[in-house]
Amino acid sequence: MQIEKLTWKEGSGWQCDQGGKSAALILYFGNRLDMESGTWFPELQTLFPDAQIVGCSSASQIIGDEIIEDGINGVAINFNKTKVRAEAVSVSNVDQSRMCGEELGGRLAAPDLAGILLFSDGLLVNGSELINGFSAHVPDSVSISGGLAADGALFDQTLVGLNQLPVSGQIVAVGLYGPDVRLSTGSAGGWSEFGPKRKISRSDGNVLFELDDEPALDLYERYLGEEDAKELPSSGLLFPLRIFDPEQPEHHVVRTILAIDREARSMTFAGDMPQGWVAQLMRGNVDRLVIGAAEAAQQVCAGDYNQNDETLVLMVSCIGRRLLMGQRTVDEVEAVTAELGANPAQIGFYSYGEISPQRVSGRGRLHNQTMTITAISEAA
Amino acid sequence: MHRLLARQVKSATSDQGDLEIEQLLNAVSIAYDESDRERQRTDRSVTLMIEEVDQLNAELLASQERRFEAAINNMAHGLSMFDSEYRLVVCNDAYIRLYDMPEALTQPGTSFWDMQDHGASEGMVSNKNREEHKRSLEREINAGKPFKESVSMVNGAVIRINHQPLADGGWLTTHEDVTEQHRSEVLVRYLARHDNLTGLINRSTFLELLVENEDDQDADKITAVMCIDLDHFKPVNDSFGHAVGDAVLQKVAELVRVQVGDRGEVSRFGGDEFAILLEPLSGAEEAAGIAGEILAVINKPIRTDGLDVNISASIGIAMVPRDGSDSETLMRNGDLALHRAKSDGRNRFCFFEREMDELQRRRRVIEKGLVSALADGNLELSFQPLVSLKDNCISCCEALMRWDSPPLGLVSPVEFIPVAEETGIIKQMGAWALRTACKQAIDWPENVRVAVNVSPMQFKGDELIGQVKSALELSGLDAGRLELEITESLFLDDDAHNLEVLHALRDLGVRFSLDDFGTGYSSLSYLRMFPFDKIKIDRSFISNMTGRCDTIAIVKAIVEMGTGLGMTVTSEGIETEEQLNILKSQGCTEVQGYLFSPPLPQAVINDFVSKNSAKDALRIAS
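If you're matching them up, the sequences are chains A and B in order.
Counting from 1, one number per residue, gives the positions in the first sequence under my numbering.
Counting from 1001, one number per residue, gives the positions in the second sequence under my numbering.
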């Protein structure tokens, strides 16, 4: 397959590094404020009239081995044999998440469906439920990768688009069909749990109220300190929660904060926070997060991965990692590149949640606080 | 160059290659800020984490301590733990209750000895040998080995303490209130050694005492063993019931115990038997005195359940060391003495004499010999004629058993008959005597009867009637020619049954004579109980008659009474003409004695009878 990099800047318009060849699929990521309006989309559509144009807002973008804050960046992909079909649904509240997944899964389902790229609103969706919805129509063997759109550290609104200007409350799924597409994924964190285990004593869906009968928000404000507490919910990303069912302590998930309610003393997370489960604070440091990113890349290398320029590497990393690593965030991108090689085209974004198959079962899963990588190529 | 700085330099360099210093410095400053904030964040989170963990540990410890306290205070046993410095670590509620510990003495750190002294000072634990106990306890604790001890509280409680040393030099004790168990054990031991009814020591305990006494003996120490048996106790049970019988035994036991006091140890052997070990004594006189006292108190009416029960006892005394030193010998000799007291008339005491032992040995030989005699046919009958003073001829012959024992020689019936009655072999001997006598008499003239003595023992059971029938049938003797001689002793026991047998035999046609008349307590009343054909005046009257008007008057009265009742009156033991003349003058119609003939053996009697059975065959002086 052929991959062309695209860059849009205010005043410069779109720059295509191969002159704007035809494409079946455009993937783009950008700063939400830059995306909300303007001529960039019609221009992109004009450049690639036959392509499925899919993209979302992000915290920061990854292009190559760089991290870019402004503008909009993307890739134009022309598959040799793989067919592409994209669908979109609207969502207005989190309770519709599973239903949206069922709808999208139902539309994309086909015998030759090999993989799905999923980009979802980052603030109105329960990522876990969205992915679970797909299982109604899509078998576990179909890889689901992607992420939840972001809004930097603002947590105001996120935008997702399919063949139109991206909007809030949108979920887009791209189906890849045919036997020739090759997908290899990896996901790793590098965060470490610390301190006592606490019981989720009160919660409702993905809203956490109390840990050990104390408001969870009190705990976070104590750990963040006065200054960082003012920057909640974004500063809360520095201390994700590792949660697990006390009956199955070996199966745990990491949860990222999406929003807080100072009056209700509650915190909204990117996935379910089941009452009665056990939660433990996590913290990271730059070096361990970089090692985590490298591990994710090593997982990709261990799969069906072609280290050539006809491979697209889609990196979806967590905004929490971006906030913690600061100027050193690019270290993790460089660590991924070091593992995957300089040849494949790399693109990605910092999200409010990462999606990729679970390592053991292959079922799509929402990850938080991870570097999640999906390598897409076609068989020779 | 550090990678980050390299990137910052690259970012701050324009496309023309110009380094924007301010931009670079700004990026560097931001990097430092980020580093500082990360470090502060890490520091704060670690500090908070440590604080939380410490608090959790404290809560966990407190929770564990609460659970531990709940657990130990829920124990039924007392528990206390001390460290190697003898200071209290912990004790539970049960421990505090057991020893009534004040709160001040239950705080961790309290000295072990202060707590021990509390027990002693409060009088809960016996102060006896306190110091010695403390020293011993300290030695045990310092030895570092597990041990147990029991503490008796002055309130009667018994606490079993289990001491377990700990690895750090301290120790743990559990305290179990075993008062009830202890009481049960004491009770079981008591019951095993004492008689349940009277509270006296029992047979086995008494015999142990005798063995201990044996070990204690020396040449100057005199002790005595008394064997006591109540006289005629069975009728008390039979007449008044076992409840009254038991009450009588309890009262007797108490009377004897009080009377003996600290002069000896009283025991109940079972039934109506008691035994006493008296020690020390000045001699046989003192033993006799005590025996007399005992008999006296027992002789007094015993009031129970609204009844006055009159009872007596017989006592056999064996002196130590004179009559033996070991328990077996003493008990045997005491028993022999008791036997003598019984046979001498009861309600008396009797000292053991050497001959009793010999008598007892002889008795055992007689007992064995009789069995063989019966089996081997060594018994014989002799027949002593009875003479009719009216017809001057033999009217009857009394069959008398004779036994020539190979080891003993001729044994008198006076000796072997009582033994036969005691062993019960008298029944077989009596049956043999009936058969033999009837068979002998069949050859006599029809006017001559045969008289056979029947022991009261032969009336027990129902065999006698069959034996008499069988003897008559086998011999062919007419029932009217058979006279059965019985004594008053037949009416002492079970007279209803005995009367039934008498009547049944009478219905066969057999005749009856009441032997030894005048010697018993109620001779006259027995004449009313059964229509005897004959009464035989005891020889003691006859031998006592000469020169004794009173005796003659009694004999006369008996003869008149008997004659008036239609009975034949026979006088036994006639040895002189003078006796004969007196009897004849008093109207006696039949006589028996050496004056006419001694008992004659079977081989000779027939001839004697045939020569002297015809009327006036005998010339009797008038």
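Note that CB positions come from ideal geometry on N, CA and C, so glycine has one too.
Quick one: what does DSSP say residue i is sitting in, helix, strand or coil?
i: V1448(B); result: coil
i: C1438(B); result: helix
i: G1264(B); result: strand
i: I171(A); result: strand
i: M99(A); result: helix
i: K1368(B); result: helix
i: S1080(B); result: strand
i: L1389(B); result: coil
i: K81(A); result: coil
i: A1287(B); result: helix
i: A1219(B); result: coil
i: Y177(A); result: strand
i: M273(A); result: coil
i: L1025(B); result: helix
i: V142(A); result: coil
i: Q1586(B); result: helix
i: V1225(B); result: strand
i: D261(A); result: strand
i: P1280(B); result: strand
i: F1491(B); result: helix
Report the neighbours of residue i on chain A: residues whose CB is nearer than 8 Å to its CB, in chain order.
i: S1045(B); result: F194, G195, Y223, F239, L281, R283
i: R1067(B); result: Within chain A, no residue comes near R1067(B); the closest Cβ sits about 20 Å away, beyond 8 Å.
i: L1056(B); result: P196
Cβ closer than 8 Å: which chain B residues qualify as neighbours of residue i?
i: Q382(A); result: Outside the shown range of chain A, which is 1 to 380, sits residue 382(A), and nothing can be said about it.
Quick one: which chain B residues come within Cβ less than 7 Å of residue i?
i: V330(A); result: R1007
Against residue i, what residues of chain A qualify as contacts under a CB-to-CB distance less than 9 Å, listed in chain order?
i: E1052(B); result: G195, P196
i: R1130(B); result: The contacting residues do not exist; R1130(B) stays about 54 Å from chain A at best.
i: E1097(B); result: The sequence given here has Arg at residue 1097(B), not Glu. Residues of chain A passing the Cβ test: none, with the nearest at roughly 38 Å.
List the DSSP bridge partners of residue i.
i: Y28(A); result: G55(A), G74(A)
i: D1404(B); result: L1410(B)
i: F1530(B); result: Note: F1530(B) sits in no beta bridge, so no partner.
i: A1143(B); result: Looking at the DSSP assignment, A1143(B) forms no beta bridge with any residue, so it has no partner.
i: Q61(A); result: I68(A), F349(A)
i: T1568(B); result: K1534(B)
i: L1230(B); result: A1313(B)
i: L366(A); result: I355(A)
i: G1270(B); result: E1273(B)
i: P344(A); result: Answer is none; P344(A) lacks a bridge partner.
i: A86(A); result: V174(A)
i: I1159(B); result: V1151(B), D1177(B)
i: F1351(B); result: I1317(B)
Give the residues of chain A in contact with residue i, contact being defined as C-beta atoms less than 7 Å apart.
i: L1048(B); result: R222, Y223
i: R1139(B); result: Simply none; closest approach about 50 Å.
For a test of your reading of the model: does the CB of residue i fall under 6 Å from any non-hydrogen atom of the ligand HEM? Yes or no.
i: G101(A); result: Of ligands this structure carries none, so the ligand HEM is not represented either.
Problem set entry | Touch test, the stretch 172-182 of chain A against the stretch 86-106 of chain A, Cβ-Cβ under 8 Å, three pairs minimum | As far as the Cβ criterion goes, the stretch 172-182 of chain A touches the stretch 86-106 of chain A, which means the pair count is three or higher.
Exercise. If we count Cβ pairs, one from each stretch, closer than 8 Å, do we get three or more for the stretch 260-278 of chain A versus the stretch 208-218 of chain A?
Worked result: The stretch 260-278 of chain A vs the stretch 208-218 of chain A: in contact.
Exercise. When you check each C-beta in the stretch 147-170 of chain A against every C-beta of chain B, which residues fall closer than 9 Å?
Worked result: From the stretch 147-170 of chain A, no residue has a Cβ closer than 9 Å to chain B.
Exercise. Between the stretch 1422-1435 of chain B and the stretch 1370-1389 of chain B, do three or more beta carbon pairs fall short of 8 Å?
Worked result: Yes, the stretch 1422-1435 of chain B is in contact with the stretch 1370-1389 of chain B.
Exercise. Are there three or more Cβ pairs, one per stretch, closer than 8 Å when the stretch 362-371 of chain A is compared with the stretch 1058-1078 of chain B?
Worked result: Segments in contact, no.
For this session: Assess, as a yes-or-no matter, whether the stretch 1283-1303 of chain B is touched by the stretch 1327-1342 of chain B under the definition of 3 or more beta carbon pairs within less than 8 Å.
Result: Inter-segment contact for the stretch 1327-1342 of chain B and the stretch 1283-1303 of chain B is absent: fewer than three beta-carbon pairs are separated by less than 8 Å.
For this session: Could you tell me whether the stretch 1397-1416 of chain B touches the stretch 1430-1438 of chain B, using the rule of 3 or more Cβ pairs below 8 Å?
Result: Yes: at least three Cβ pairs fall under 8 Å.
Exercise. Do three or more CB pairs link the stretch 229-241 of chain A to the stretch 277-285 of chain A at distances below 8 Å?
Worked result: In short, these stretches touch, since the Cβ pair count reaches three.
For this session: Check whether the stretch 123-139 of chain A touches the stretch 15-24 of chain A, counting contact only when three or more Cβ pairs, one atom from each stretch, lie closer than 8 Å.
Result: By the C-beta criterion, the stretch 123-139 of chain A is judged not to be in contact with the stretch 15-24 of chain A, since fewer than 3 inter-stretch pairs fall below 8 Å.
For this session: Please confirm if the stretch 1077-1090 of chain B is in contact with the stretch 1099-1119 of chain B, defined as three or more CB-CB distances below 8 Å between the two stretches.
Result: They touch, by the three-pair rule.
Exercise. Between the stretch 1301-1311 of chain B and the stretch 1230-1249 of chain B, are three or more C-beta pairs nearer than 8 Å?
Worked result: Yes, they touch.
Exercise. Taking three-plus beta-carbon pairs below 8 Å as touching, is the stretch 1443-1463 of chain B in contact with the stretch 1476-1487 of chain B?
Worked result: With a cut-off of 8 Å, the stretch 1476-1487 of chain B and the stretch 1443-1463 of chain B count as touching, because enough Cβ pairs lie within range.
For this session: Take every Cβ of the stretch 100-116 of chain A, pair it with every Cβ of the stretch 242-258 of chain A, and state whether three or more of those distances are shorter than 8 Å.
Result: In short, these stretches do not touch, since the Cβ pair count stays below three.
For this session: Examine the Cβ distances between the stretch 1564-1575 of chain B and the stretch 1527-1536 of chain B and report whether three or more of them are shorter than 8 Å.
Result: Judged by Cβ distances under 8 Å, the stretch 1564-1575 of chain B makes contact with the stretch 1527-1536 of chain B, as three or more pairs qualify.
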